[in-house]
Amino acid sequence: GSAYPLKGRKVIVTAGPTHEPIDPVRYIANRSSGKQGFEIAGALARLGADVVLVAGPTIEHTPDGVTRVDVETAWQMQAAVRKALPADTVICVAAVADWRVDAEAEQKMKKTRDGLPNLTLVENPDILAGISIMTTGRPELVIGFAAETENVVEHARAKRDRKKCDWIVANDVSGATGIMGGTENQVYLITEDSEEAWPRAGKDLVAAKLADKIAERLG
Ligand code: C5P
């Protein structure tokens, strides 16, 4: 095939964590580094795709040929993805915070003698599920990630059904694997009718293999 099989194709990738503010100096976050998503964005660009990378806070460098949009919160990430649509493919790699504090305090919260602060959490929008159920202009291929700590394939298949995305890339992020924040990944690709276990490899190789699969599918 062509060296640039994704030429003329538009792809949106979400990556990294989100930060959900508590007050001007505090936030809720998670351990996502953004590495895998950034590698995927770069690999797709190398195959000729027009890539928009919607990135939460991370220290990763922008891959060559990728248009990066920086965001902090889940709401901002969803807005940036919607603005970047339409696309042929959306790949949600970001570790979006499930909850945010209902109302960010305008001033830094103070320690007082009259007890501890009460934080009320509310649910964040599910960006992946929202795109998967679009009725007009749904991207041809919607891919989600699933970070699991047990029964990886079983949970990931259930997640695929629940979120109504086309593919799920699942990995085991339990403590001993060193995957979250590390440079290697071991994933399962779960499609409509198949599941493949890929060998443990650098996140760059996993990204290149996924980009090839996407190019194959989009034809
Ligand atoms: O439900 P869970 O967070 O495990 O699902 C993971 C998948 O859903 C990932 O692809 C993630 O990027 C996406 N997701 C999302 N918006 C959320 C939560 C998860 O896009 N609020």
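Per our numbering, the sequence shown starts with residue 94, numbered consecutively. A virtual CB, placed ideally from N, CA and C, is assigned to each residue, including glycine.
- Runs of the beta strand (DSSP E) lying entirely within the region 271-300 and spanning at least 3 residues, in chain order: 280-283 and 288-290.
- DSSP places isoleucine 226 outside both helix and strand once states are collapsed to three, so it counts as coil.
- For lysine 296, the CB stays at least 7 Å from every heavy atom of the ligand C5P.
- Per DSSP, glutamate 247 lies in no beta strand (DSSP E); the unbroken alpha helix (DSSP H) holding it starts and ends at 245-256.
- Set against 7 Å, the gap from the CB of isoleucine 220 to the closest heavy atom of the ligand C5P is smaller.
- About 5 Å separates the beta carbon of alanine 108 from that of alanine 187, a gap short enough to meet the 8 Å contact definition.
- Judged by beta-carbon spacing, arginine 193 lies beyond the 8 Å limit of valine 162, meaning their Cβ atoms are not closer than that value.
- Where glutamate 113 is concerned, there is no enclosing alpha helix (DSSP H), although the beta strand (DSSP E) around it starts and stops at 113-116.
- Annotation: leucine 298 to aspartate 207 spans about 54 Å, alpha carbon to alpha carbon.
- For lysine 128, no beta strand (DSSP E) segment is defined; the enclosing uninterrupted segment is the alpha helix (DSSP H) at 128-139.
- If you draw a 10 Å sphere on the C-beta of serine 225, you find 16 or more other C-beta atoms in it, and that means buried.
- If you draw a straight line from the Cα of tryptophan 291 to the Cα of alanine 300, it is about 12 Å long.
- In terms of CA proximity to glutamate 243, Asp265 leads the group Asp265, Arg231 and Ala198.
- At a threshold of 7 Å, asparagine 264 does not count as near the ligand C5P, since its beta carbon sits no closer than that to any of the ligand's heavy atoms.
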